[in-house]
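Structure first, then comments.
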Amino acid sequence: MKRNLWLFALMALSLHPVFSQKKNFSYHFYGQVRADVFYNSRTNSETVDGLFYMYPLDEEPDDCGNDLNASSNSGFYTLYTRLGLDVQGPKLGKAKTSAKVEVDFRGSGTTYSLFRIRHVYFNLDWGKSALLVGQTWHPLYGDVAPEILNLNMGAPYQPFSRAPQVRYRYTASRFILTAAAVWQSQYLSVGPSSNVPGSITTQKNQRFIKNSSVPEFYVGGNYKQNGWLAGAGIHVSSIVPRTESLNEDTQGNQYVHKVDERITSVSGEMHVKYNRENVLFSAKTVLGSNLTQTSTVGGYAITSVAEHTGEQEYTPLRVSSTWVNIAYGKKWRPALFFGYLKNLGASKDVIGVLGTGTSLDQLFTGTAELTYNLPNWKFGAEYSFCNAWYGELTSKARVANTHAVGNHRLVLTAIFQF
0 MKRNLWLFAL
10 MALSLHPVFS
20 QKKNFSYHFY
30 GQVRADVFYN
40 SRTNSETVDG
50 LFYMYPLDEE
60 PDDCGNDLNA
70 SSNSGFYTLY
80 TRLGLDVQGP
90 KLGKAKTSAK
100 VEVDFRGSGT
110 TYSLFRIRHV
120 YFNLDWGKSA
130 LLVGQTWHPL
140 YGDVAPEILN
150 LNMGAPYQPF
160 SRAPQVRYRY
170 TASRFILTAA
180 AVWQSQYLSV
190 GPSSNVPGSI
200 TTQKNQRFIK
210 NSSVPEFYVG
220 GNYKQNGWLA
230 GAGIHVSSIV
240 PRTESLNEDT
250 QGNQYVHKVD
260 ERITSVSGEM
270 HVKYNRENVL
280 FSAKTVLGSN
290 LTQTSTVGGY
300 AITSVAEHTG
310 EQEYTPLRVS
320 STWVNIAYGK
330 KWRPALFFGY
340 LKNLGASKDV
350 IGVLGTGTSL
360 DQLFTGTAEL
370 TYNLPNWKFG
380 AEYSFCNAWY
390 GELTSKARVA
400 NTHAVGNHRL
410 VLTAIFQF
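Residues in the sequence shown are numbered consecutively from 0, following numbering that gives the first Met the number 0.
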């Protein structure tokens, strides 16, 4: 806590005239204090003790057949209070320079109430073209995202991640072209937690993208006119699940083999948004392959294991997701959100699955909210119902013989913005 106070003091001091009067520099300090109260009727897949909510968990019967996950829960947090600093700097050649530093108190893992980087980058702007270097929203999150109170921002239907990247944008009239090379930091891909061949125990780890030596790539474009924005993009990722395999012979002797494994996946998305006067309409559809680093479901599957070395071959799992968001008004602003997700499985037979939510067949979420907006203040209430269909995995990692479980969620939020 002392460390947090010192960091906050340093940020505040940097805004004082004694410290900030550098030639050709300007500073804008901003932030918010946010409080969230939530209630769930069921145990869910979630992070931050339920503040970042995804979908209800499957039934887990006890010895008497009672569902252990059919229990309500609630919480109150201020962890998404945030502080930010925008900097305008002197020109570098013909380029305008700027930078952003934004943090919150989310922490990482199970350690909360600590500063966490949200956005940290510098930007060079030549007018029609611009180069951003640092951490900001993943390109699949992009320029179209739901405007809802839930902090998941539409996940798992909407890709959610902030990632280190080098992003180039070119603007010509109403067209905007984007190309980016993306790495992973706080939001990571899923991979095997064991080097034993055929193991499907998983973890999220930096090494899967690190050992790949290849970043993710995104190319996309937008068209803007009269309040409309429409576009599409293609994303490619390539990770290395294992670099060695721990094998055992018929006598029980263990030995290690170096292996050359890789899983490459291609995903696509299309989006549209209309925002004019009091009306907001936005939607996005994603055909994703192994996008676990973007807070969605899916992953990849093992298709074969070499007998002697234990080297494995893989195929991506495909997931289709679509969401729609509608809002109207300014001071009083009602809004609706609908999301649908379908597990499309693999294109070939598999012998094991690695990922998140791989036993899900479908997801549907319907949300209604009302916010009251004043200068510097927002108060809101949001109700959502999520239905999840679980079942048995088939040979192509699809899900059959399904049954449904549902969760009712209520969120109350107060935000003071400065």
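For each residue, glycine too, the CB sits at the ideal point set by N, CA and C.
Rounded separation between residue i and residue j - CA only
{"i": "serine 320", "j": "lysine 283", "result": "8 angstroms"}
{"i": "tyrosine 156", "j": "alanine 387", "result": "13 angstroms"}
{"i": "alanine 154", "j": "arginine 33", "result": "20 angstroms"}
{"i": "tyrosine 79", "j": "phenylalanine 415", "result": "12 angstroms"}
{"i": "leucine 91", "j": "phenylalanine 114", "result": "31 angstroms"}
{"i": "serine 13", "j": "valine 404", "result": "Note on serine 13: pLDDT 49, under 50, position unreliable in the model; no value is reported."}
{"i": "valine 132", "j": "asparagine 246", "result": "42 angstroms"}
{"i": "valine 349", "j": "glutamate 312", "result": "10 angstroms"}
{"i": "proline 214", "j": "serine 236", "result": "7 angstroms"}
{"i": "alanine 180", "j": "glycine 230", "result": "19 angstroms"}
{"i": "valine 323", "j": "serine 281", "result": "6 angstroms"}
{"i": "threonine 177", "j": "glycine 49", "result": "34 angstroms"}
{"i": "asparagine 400", "j": "threonine 96", "result": "57 angstroms"}
{"i": "threonine 201", "j": "glutamate 45", "result": "17 angstroms"}
{"i": "isoleucine 325", "j": "phenylalanine 336", "result": "7 angstroms"}
{"i": "leucine 150", "j": "serine 212", "result": "32 angstroms"}
{"i": "tyrosine 29", "j": "valine 102", "result": "11 angstroms"}
{"i": "tyrosine 169", "j": "isoleucine 175", "result": "6 angstroms"}
{"i": "glutamate 58", "j": "histidine 407", "result": "15 angstroms"}
{"i": "leucine 9", "j": "lysine 93", "result": "Its pLDDT being 49, under 50, leucine 9 is placed unreliably in this model, and the coordinates cannot settle the point."}
{"i": "proline 158", "j": "glutamine 253", "result": "41 angstroms"}
{"i": "tyrosine 273", "j": "proline 333", "result": "16 angstroms"}
{"i": "glycine 298", "j": "glycine 141", "result": "21 angstroms"}
{"i": "aspartate 61", "j": "histidine 118", "result": "44 angstroms"}
{"i": "phenylalanine 121", "j": "lysine 99", "result": "6 angstroms"}
{"i": "arginine 317", "j": "proline 374", "result": "44 angstroms"}
{"i": "valine 165", "j": "leucine 123", "result": "11 angstroms"}
{"i": "valine 17", "j": "glycine 83", "result": "Reliability of the predicted coordinates at valine 17 is poor, the pLDDT of 43 falling under 50, and no value is obtained from them."}
{"i": "serine 128", "j": "tyrosine 167", "result": "7 angstroms"}
{"i": "isoleucine 116", "j": "tryptophan 182", "result": "15 angstroms"}
{"i": "tryptophan 5", "j": "serine 112", "result": "Residue confidence for tryptophan 5 is low, a pLDDT of 48 falling below 50, so the modelled location carries little weight and cannot support an answer."}
{"i": "valine 189", "j": "aspartate 85", "result": "34 angstroms"}
{"i": "tyrosine 76", "j": "alanine 413", "result": "11 angstroms"}
{"i": "aspartate 248", "j": "isoleucine 199", "result": "20 angstroms"}
CB-CB length for residue i against residue j, believed under 8 angstroms
{"i": "threonine 263", "j": "glycine 354", "result": "Rounded, the Cβ-Cβ distance is 16 angstroms, inconsistent with contact."}
{"i": "glutamate 260", "j": "asparagine 194", "result": "In fact, because the Cβ distance is near 11 angstroms, the residues do not count as touching under 8 angstroms."}
{"i": "serine 346", "j": "leucine 392", "result": "Not confirmed; about 15 angstroms, so no contact."}
{"i": "serine 160", "j": "threonine 293", "result": "5 angstroms"}
{"i": "valine 271", "j": "isoleucine 233", "result": "Not a contact, Cβ separation roughly 17 angstroms."}
{"i": "aspartate 360", "j": "glycine 338", "result": "Contact doesn't hold; Cβ gap of about 15 angstroms is too wide."}
{"i": "serine 25", "j": "glutamine 87", "result": "4 angstroms"}
{"i": "alanine 300", "j": "glycine 351", "result": "6 angstroms"}
{"i": "phenylalanine 104", "j": "glycine 74", "result": "The pair is not a contact, with the Cβ atoms about 15 angstroms apart (cut-off 8 angstroms)."}
{"i": "asparagine 68", "j": "threonine 110", "result": "Going by Cβ atoms, the distance from asparagine 68 to threonine 110 rounds to 26 angstroms, so no, they are not a contact pair."}
Spatially closest choice to residue i from the options, by CA coordinates
{"i": "lysine 329", "options": "His307, Glu306 and Trp376", "result": "Trp376"}
{"i": "histidine 256", "options": "Gly309, Thr293 and Ser346", "result": "Gly309"}
{"i": "tyrosine 371", "options": "Ala305, Tyr327, Thr110 and Lys272", "result": "Tyr327"}
{"i": "threonine 302", "options": "Phe24, Tyr54 and Lys395", "result": "Lys395"}
{"i": "asparagine 289", "options": "Ile238, Met152 and Phe280", "result": "Ile238"}
{"i": "leucine 228", "options": "Gln164, Leu279, Phe75 and Leu286", "result": "Leu279"}
{"i": "glycine 365", "options": "Ala69, Val398, Met53 and Gln31", "result": "Met53"}
{"i": "phenylalanine 417", "options": "Gly219, Ser73, Gly344 and Gln31", "result": "Gln31"}
{"i": "alanine 380", "options": "Ala367, Pro374 and Leu373", "result": "Ala367"}
{"i": "histidine 137", "options": "Ser184, Arg397, Lys203 and Lys22", "result": "Ser184"}
{"i": "phenylalanine 51", "options": "Val398, Pro163, Leu148 and Pro60", "result": "Leu148"}
{"i": "arginine 397", "options": "Val410, Lys341 and Phe384", "result": "Lys341"}
{"i": "leucine 139", "options": "Phe378, Leu362, Gly220 and Leu411", "result": "Gly220"}
{"i": "glutamine 455", "options": "Asn65, Ala171, Gln253 and Pro89", "result": "Nothing about residue 455 can be reported from this structure: the residues present for the chain run from 0 to 417 only."}
{"i": "glycine 197", "options": "Phe216, Lys203 and Pro240", "result": "Pro240"}
{"i": "leucine 56", "options": "Val410, Ser107 and Gly356", "result": "Gly356"}
{"i": "histidine 402", "options": "Tyr186, Leu362 and Phe378", "result": "Leu362"}
{"i": "arginine 420", "options": "Thr295, Gly226, Thr249 and Met269", "result": "Only positions 0 to 417 of the chain appear in this structure, which leaves residue 420 out of reach."}
{"i": "alanine 162", "options": "Met152, Gln134 and Val296", "result": "Gln134"}
Beta strand (DSSP E) segment containing residue i, residue limits
{"i": "arginine 408", "result": "398-416"}
{"i": "phenylalanine 337", "result": "331-344"}
{"i": "tyrosine 124", "result": "Note that residue 124 is aspartate in the sequence shown here, rather than tyrosine. Looking at the DSSP string, the run of the beta strand (DSSP E) that includes aspartate 124 is 115-124."}
{"i": "isoleucine 350", "result": "Neither: isoleucine 350 is in no beta strand (DSSP E) and is coded neither H nor E."}
{"i": "arginine 33", "result": "25-39"}
{"i": "asparagine 246", "result": "243-247"}
{"i": "serine 193", "result": "Taken as a continuous stretch (DSSP letters only), serine 193 belongs to no beta strand (DSSP E), as it is neither H nor E."}
{"i": "threonine 80", "result": "Note, threonine 80: premise wrong, no beta strand (DSSP E); not H, not E."}
{"i": "glycine 220", "result": "215-224"}
{"i": "glutamate 391", "result": "376-392"}
{"i": "phenylalanine 51", "result": "51-55"}
Endpoints, the alpha helix (DSSP H) within which residue i is located
{"i": "arginine 206", "result": "206-209"}
Heavy atom of the ligand GTP within 7 angstroms of residue i beta-carbon
{"i": "phenylalanine 207", "result": "Annotation note on the ligand GTP: not contained in the displayed structure, which lists no ligands."}
Within-8 angstroms CB hit, residue i to chain B
{"i": "valine 218", "result": "Absent here is chain B; the protein component of the structure consists of one chain."}
Runs of beta strand (DSSP E) lying entirely within the stretch 259-313, each at least 3 residues, in chain order
262-275, 278-288 and 297-304
Quick one: complete beta strand (DSSP E) runs, 3+ long, within the stretch 109-188?
115-124, 128-136, 161-171 and 174-181
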